[in-house]
Each structure stands twice: as structure tokens, then as C-alpha cells.
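Sequence lines, in order, name chains A and B.
Under my numbering, read the first sequence as residues 2 to 119, first letter to last.
Under my numbering, read the second sequence as residues 602 to 715, first letter to last.
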Amino acid sequence: AQTVTQSQPEMSVQEAETVTLSCTYDTSESDYYLFWYKQPPSRQMILVIRQEAYKQQNATENRFSVNFQKAAKSFSLKISDSQLGDAAMYFCAYRSARGRGGADGLTFGKGTHLIIQP
Amino acid sequence: DAGVTQSPTHLIKTRGQQVTLRCSPISGHKSVSWYQQVLGQGPQFIFQYYEKEERGRGNFPDRFSARQFPNYSSELNVNALLLGDSALYLCASSLLRQGANEQFFGPGTRLTVL
């Protein structure tokens, strides 16, 4: 079974600075997808960024970028120019590409609570 | 377009009771997944339904069941409620069953079991 580990329960950053959230995962599969989701205090989960494991190029979405290290099974999220609206729980998630049985669902880490200091 | 909707928003039940939670996916989405999020944890996958058939199941007991209707809406049923079933139940819809396609989450139903 796949596992996702987020070792930082809480991170704090000054507004306009850069912060990196860590995520490692364990899998025996070679083809899979990785995601970062944001859950603001209102609870609705929002996709921030996604990465296909077969792509070597790191995904970027405006101020959000990832550092995907397949051999190390590491998938960190970098937020540049942090804004107050970035404050939320951030979840790293894994999804198998094979889609057999329970592999269809997302496997989430425990999350990192990101605090933005004005 | 409306996002994923869930009802009710909050629910309080007692141990041993049964509960039904409802989810309406985004129009055109045929895949619905259910997740349980216990306070302080990440969501855990319960079920995925695609084209009205169960396509995936997480590590949950048989007390949990679900179904998908012809209009792709879905219900999650939990029988013989335990205190440990208290959680936020999230529904997510997506266009396709697999791949990197985005899952759109609803606001959730907060279930409290007393």
C-alpha cells in the first residue's frame, strides 16, 4: 500500500517570502500522479498543482512550483511571494495510474498547516 | 456552473444509528468519490463510483456502503454508527475515472456521533 508522509505539521512564513512544504511517499509503482491540495478554513479542498510521474519537468502554476525527485520519492511544494490568502492546510496526495480496486482513490498525507504572518 | 454540493452540512447521530449523506457532482462529471476526514488528519478514501458502478474501495468496514444514481448523484450510507465515525465526509467528482484529472471537492458533511 502506498503511504504519503508530510513531516511538517506547521510552517510559518512572512508575507511576500518563499516557503517550501515537504512531502515524501512510498510506492512500488513506477507510474502514478502526485497532487498538492489546499484546504482553507472554509473546508473546501482545492487543487493547487499536479505532477505526472513520467514527466521529468517540474510542474509550475504561477507562484506555486514543485520539486519532484522520483528516485528519492520526494515531492515538495514551493510557494513564492506568499500572500495572506495562502494560509490553509496543505495536503500532499498520491494516486496510482493503474486504477485497480482501491488504487483509484487519492492517498493523502496528514497535512501541513501554513501560517502567513503579515 | 455549480460546484459539488453535499447535504446535509451538519448531522448529529447517536451510536448504533444509521446515516445517509448525499452528494451532487458537477454537471457532466460521471465519477464520484467519498472520503472520510477525521479531525487533524488527511482525508481517507472510502469509495469511488463511476458510471453507477463501484470502481474502488478503501479500507473501510462493510458498515459503509454507497450508490450512484442515473443522474450521477451519490449517497453514502453508514450503519451501526460508532463514536469513531465522527468526521468530515467529503465528496469529490471528476470528469474521468482515472489519471491526473482533477477531483473537485464539495464542502463536506460534518457528522458527529454521540
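From the three backbone atoms N, C-alpha and C, an ideal C-beta is built for every residue, glycine too.
What you are looking at is a predicted structure, and each value in this text was computed from that prediction instead of being measured.
Out of curiosity, what's the CA-to-CA distance linking B:Asp686 and B:Gln607? 18 Å
For A:Ser29, count neighbouring C-beta atoms within 10 Å of its own C-beta (all shown protein chains included) and say buried if the count is 16 or more, exposed if not. Looking at its Cβ environment, which holds fewer than 16 other Cβ atoms inside 10 Å, A:Ser29 is exposed.
Is it a yes or a no for the segment 617-625 of chain B touching the segment 81-93 of chain A, going by three-plus beta-carbon pairs under 8 Å? With the cut-off at 8 Å, the segment 617-625 of chain B and the segment 81-93 of chain A do not touch.
How many Å lie between A:Gly102 and B:Gly657 at the Cα? With a pLDDT of 46 at A:Gly102, under the threshold of 50, the modelled position of this residue cannot be trusted, and the question is left open.
Where are the beta strand (DSSP E) runs, 3 residues long or more, that stay fully inside the segment 616-701 of chain B, in chain order? 620-625, 632-638, 645-651, 654-658, 665-669, 675-679, 688-695
Is the segment 648-656 of chain B close to the segment 9-25 of chain A, with three or more CB pairs under 8 Å? no
Inter-residue Cα distance where the pair is A:Leu35 and A:Gly106: 12 Å
Any chain A beta carbon closer than 8 Å to B:Ser608: no
Report all residues from its chain with a CB closer than 6 Å to the CB of A:Lys135; omit the five preceding and five following residues, and keep chain order. With chain A covering 2 to 119 only, the question about residue 135 of chain A has no answer from this structure.
Any chain B beta carbon closer than 8 Å to A:Ala104: At A:Ala104 the pLDDT is 44, less than 50, meaning the model places this residue with poor confidence; the figure from the coordinates comes in the next sentence. Judged by the 8 Å Cβ criterion, A:Ala104 is in contact with chain B.
Could you name the residues of chain A that B:Leu703 contacts, counting a contact when the two beta carbons are closer than 9 Å? Per the sequence presented here, residue 703 of chain B reads as Glu, with Leu not at that position. Residues of chain A passing the Cβ test: Phe36, Leu48, Arg51.
Does A:Asp32 come out as helix, strand or coil in the three-state DSSP assignment? coil
Kindly indicate if chain B contains any beta-carbon less than 8 Å away from that of A:Phe92. At a cut-off of 8 Å between C-beta atoms, A:Phe92 counts as an interface residue with respect to chain B.
Select from B:Trp635, B:Phe661, B:Thr615, B:Leu715 the residue whose C-alpha is nearest the C-alpha of B:Ser674. B:Trp635
Taking buried to mean at least 16 other C-beta atoms within 10 Å of its own C-beta, is A:Arg99 buried or exposed? exposed
Quick check: B:Ser695 and B:His630, are their CB atoms within less than 8 Å of each other? For B:Ser695 and B:His630, yes; Cβs fall inside 8 Å.
Interface residues of chain B around A:Arg44 at Cβ under 8 Å? Leu689, Pro708, Gly709
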